[in-house]
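Worksheet for the structure shown next.
Written out as structure tokens, the structure is:
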């Protein structure tokens, strides 16, 4: 029996004197025994806090609740817990009560981009559908700390129906992301109902599910759940591993069940100070993920949610990590480093600069080693001027079923069929003066 299995045995026996270790792998047992108090944490781990620390923790827990599965608790290295990445992601920190003036309760303006309760419609062809506010564990770095665990934000069936109705009535939506909370904390039957309703909508092509259960509650990935998911292909799942220590034997088993069911898996990490802000840690993480058939998708710069300042790193740290990955490991193991723009601007890729300069006929590039090279542009390329007369286009346009749509943002400026030459912020002083003059 390895050290973590022994920890699990010890915790299970403390939780239920008569318990057998087989109950450990019952996800509902794990949820019933989630650690929600400082006293329970001390009892199960043997870690002891000073009276001053307890007092500060109790102030924090009043604002941001505590909930850790026994499984995830068992991963904490109690001999060095203050430096342990599992401890830092799961246990209280009084710095969560420090709210800087740049932090917001809803930094991504999800509520402002919500046409009906539970739906955030930010991008043209996809929506975020919040179907749960329950998580297996309350991550201390959660961007939705304002909602998760709050009884005022529990979506009932009526709210779910409103969200489904909005999607039915919005034909440009082809991609629906189920999130919360964690959709896998719902019953199999309830999740099956939601997926069935979504799949019956003709214009919904893809359903994605965001879950952290493979990380903090891998036993939730049961054969029954997998059989439900298999009924609703194409399903895509993104999970949330932040550190190689989280990729345990149980996590690998859960990921294997999903992958074997033909479900594409992705991972979204958050860059966290003193947890994973290290090129060696991130390289090991992405390489472990691809070994388990999980494609590293995003590394997020930590959001400007309230109480997260101690987790945030400078953006340059993310750039440094990307420099250590691009060219240094397999291309499919390299995620995209993004900042989810405050105010609801969406995900903005932030990458190292590889184009050093360019002219009419050449582009000057550098590679991951620092080698500088040139690429010759074509001398006789003729730009195709698009007049939107698709019936007489020389290009192969066998694209039955595609819908036309109006270009927005930078795409509008690049298009040949729109006369717009500038995108001007609404509060531009010069434009205001111009309007006053014209009046």
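Residue numbers (the working numbering): 2 to 440.
Virtual Cβ for every residue (Gly too), placed ideally from N, Cα, C.
N-terminal and C-terminal residue of the alpha helix (DSSP H) that residue i is part of
i, result
"residue 163", "158-169"
"residue 291", "280-292"
"residue 83", "Counting along the chain, residue 83 falls outside any alpha helix (DSSP H), and DSSP gives it neither H nor E."
"residue 72", "71-74"
"residue 42", "39-46"
"residue 317", "316-326"
"residue 414", "411-415"
"residue 261", "250-261"
"residue 245", "Taken as a continuous stretch (DSSP letters only), residue 245 belongs to no alpha helix (DSSP H), as it is neither H nor E."
"residue 62", "52-64"
Outcome for residue i when other beta-carbon atoms lying within 10 angstroms are tallied against a minimum of 16
i, result
"residue 432", "exposed"
"residue 359", "exposed"
"residue 16", "buried"
"residue 403", "Because residue 403 sits at a pLDDT of 46, beneath the cut-off of 50, its placement in the model cannot be relied upon, and the following sentence gives the value as read from the coordinates. Looking at its Cβ environment, which holds fewer than 16 other Cβ atoms inside 10 Å, residue 403 is exposed."
"residue 391", "exposed"
"residue 349", "exposed"
"residue 36", "buried"
"residue 2", "Any reading at residue 2 needs caution, since the residue's pLDDT is 41, under 50, leaving its predicted position unreliable; the model's value is listed next. By the 10 Å Cβ count, residue 2 comes out exposed."
"residue 102", "exposed"
"residue 379", "exposed"
"residue 430", "exposed"
For residue i: DSSP bridge partner residues
i, result
"residue 441", "The first residue shown for the chain is 2 and the last is 440, placing residue 441 beyond what the model contains."
"residue 377", "363"
"residue 358", "365"
"residue 330", "327"
"residue 130", "120 and 179"
"residue 423", "Paired residue(s): none; residue 423 is not in a bridge."
"residue 36", "69"
Unbroken beta strand (DSSP E) run spanning residue i, endpoints
i, result
"residue 364", "363-367"
"residue 31", "Careful: residue 31 lies outside any beta strand (DSSP E), inside the alpha helix (DSSP H) at 28-33."
"residue 348", "347-350"
"residue 123", "120-124"
"residue 240", "236-240"
"residue 176", "176-180"
"residue 270", "266-272"
Selection from the options that minimises the alpha carbon distance to residue i
i, options, result
"residue 172", "344, 183, 199 and 16", "199"
"residue 128", "38, 205 and 54", "205"
"residue 283", "324, 258 and 257", "324"
"residue 374", "362, 380, 384 and 357", "357"
"residue 288", "120, 334 and 11", "334"
"residue 135", "187, 346, 239 and 211", "187"
"residue 8", "35, 36, 47 and 223", "47"
"residue 233", "181, 81 and 189", "189"
"residue 184", "271, 133, 286 and 157", "133"
"residue 29", "62, 52, 56 and 71", "71"
"residue 61", "34, 10, 31 and 100", "100"
"residue 156", "345, 309, 117 and 202", "117"
"residue 266", "120, 332 and 257", "257"
"residue 278", "295, 306, 313 and 259", "313"
"residue 298", "260, 66 and 332", "332"
"residue 410", "347, 388 and 377", "347"
Checklist entry - Which runs of the alpha helix (DSSP H), 4 residues or longer, sit entirely within the stretch 195-232? => result Taking only runs of at least 4 residues, the alpha helix (DSSP H) segments lying wholly in the stretch 195-232 are 214-217 and 224-231.
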